[in-house]
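Participant:
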Amino acid sequence: MASISLRNVVKKYGKGKQELQVIHGVNAEVADREFIVIVGPSGCGKSTLLRMVAGLEEISGGEVWIGNRVVNQLEPAERDIAMVFQNYALYPHMSVFENMAYGLKIRKMPIEEIKQRVDKAAGILELGHLLDRKPRQLSGGQRQRVAMGRAIVRQPQVFLFDEPLSNLDAKLRAQTRLEIQKLHRELGITSLFVTHDQVEAMTLAQRMIVMNAGNMEQFGTPEEVYHRPASTFVASFIGSPP
Ligand code: ADP
Ligand code: MG
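Written as structure tokens, this is what we have:
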């Protein structure tokens, strides 16, 4: 397991006249096993921040720590993280089992351990009876659970979620939210969860980071953010009582 530390993290896209700074020095200390939600309006830099932690986007300034390592220069595969996206492309020709096992097979893990890991993940996600099906034979919610299963079997130190629920209808979204909470209770993996939905943030977060235009406006528990918003932006975005 691992803590995450963001130290004056900056992101600039483009070069010269085209340069655009989209993250303006974010500082945050996330404890081992915490579930943190990063929330803010579209375009405020949530995905960019997450992708820098994942190693999918170069860091323009500052440091990202995972555990006791600065990971700025590490490839995604060296960071011991797993990411769940909104567009969870599964391999259509592979069964649920094969979809979950694929990432372990290419790492040459022995088949017995692969089976153990997939069975454990399938148990947690209630996918045990679906392991032989193909993605097209699953509902949207089941597919999203397979995508989470694929991340779980890696047994990463850190989970990164980028709006994984936004393609689901309201009922499924609520259900999958519960799945994610259960997952965190059982596995206790340090998690960063990005959403633009303040209700989702308030329900899921142990602590939440509220972003606006590349700045961290507030970092606190849902109660603190709701009752003691740090700015008028936070108050109006969260809908705090006046
Ligand atoms: P969010 O996930 O909160 O919607 P993003 O991190 O996707 O926000 O984007 C933050 C800002 O960075 C936006 O202004 C967006 O247009 C810009 N941006 C994102 N990706 C790129 C890119 N690859 N090149 C240039 N600008 C980008
Ligand atoms: Mg985004």
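Taking UniProt numbering, the leading residue of the sequence shown gets 1, the next gets one more, and so forth.
In this text, a Cβ means the ideal position worked out from N, Cα and C, and glycines have one as well.
Predicted, not measured: the structure shown is a model, and the values here were computed from it.
(1) Who does residue 36 pair with in a DSSP beta bridge?
(2) For the ligand ADP, which residues have a Cβ under 5 Å from at least one heavy atom, in chain order?
(3) Pull up the CB-CB distance for residue 33 and residue 55, whole angstroms please, since I reckon it's below 8 Å.
(4) Pick from 148, 81 and 97: whose alpha carbon is nearest that of residue 50?
(5) Below 8 Å, can you find three or more Cβ-Cβ pairs linking the stretch 5 to 14 to the stretch 163 to 175?
(6) Just checking residue 163 against the ligand MG - is the residue's beta carbon closer than 7 Å to any of the ligand's heavy atoms?
(7) Tell me, please, whether the stretch 226 to 237 touches the stretch 63 to 79 by the rule of three or more beta-carbon pairs shorter than 8 Å.
(8) Return the residue from the list 156, 24, 87 and 180 that minimises the CA-CA distance to residue 167.
(9) Can you check DSSP and say which residues form a bridge with residue 219?
(10) When the Cα of residue 165 is compared with those of 137, 180 and 22, which residue comes out closest?
(11) Measuring CB atoms only, is the stretch 207 to 225 touching the stretch 35 to 42, in the sense that at least three cross pairs come out at less than 8 Å?
(12) Please state if the CB of residue 92 and the CB of residue 120 are separated by a distance shorter than 8 Å.
(13) Are the CB atoms of residue 64 and residue 161 nearer to each other than 8 Å?
(14) Please name the residue, chosen from 44, 23 and 28, that lies closest to residue 59 on a Cα-to-Cα basis.
(15) Could you tell me which residues DSSP puts in a beta bridge with residue 13?
(16) Let me check one thing: in DSSP terms, what residues is residue 5 bridge-paired to?
(17) Measure the alpha-carbon distance for residue 328 versus residue 215 and round it to whole angstroms.
(18) With respect to the alpha helix (DSSP H) encompassing residue 59, which residues constitute its N-terminal and C-terminal limits?
(19) With 16 as the cutoff for other CB atoms within 10 Å, does residue 222 come out buried or exposed?
(20) Only counting the same chain, and skipping five residues up and downstream in sequence, which positions put a Cβ closer than 7 Å to that of residue 149?
(21) Look at residue 156 and residue 189 and say whether their C-beta atoms are less than 8 Å apart.
(22) With residue 118 as the anchor, note down where its alpha helix (DSSP H) starts and where it stops.
Facilitator: Looking at the coordinates:
(1) According to DSSP, residue 36 bridges with 192 and 207.
(2) 13, 22, 42, 43, 44, 45, 46, 47 and 48
(3) Not really, about 22 Å apart at Cβ, beyond 8 Å.
(4) 81
(5) no
(6) Yes, the beta carbon of residue 163 sits closer than 7 Å to at least one heavy atom of the ligand MG.
(7) Output reads no: the stretch 63 to 79 does not touch the stretch 226 to 237.
(8) The candidate whose alpha carbon is nearest that of residue 167 is 87.
(9) 209.
(10) 180
(11) A contact between stretches requires three or more CB pairs, one per stretch, nearer than 8 Å, and the stretch 207 to 225 meets this requirement with the stretch 35 to 42.
(12) For the pair residue 120 and residue 92, the CB atoms are not nearer than the 8 Å cut-off.
(13) no
(14) 23
(15) 20
(16) 29 and 65, per the DSSP bridge assignment.
(17) The structure shown does not extend to residue 328, since the chain is modelled only from 1 to 242, so the question has no answer here.
(18) Per DSSP, residue 59 belongs to no alpha helix (DSSP H) and is neither H nor E.
(19) buried
(20) 100, 121, 122, 125 and 127
(21) yes
(22) 111 to 125
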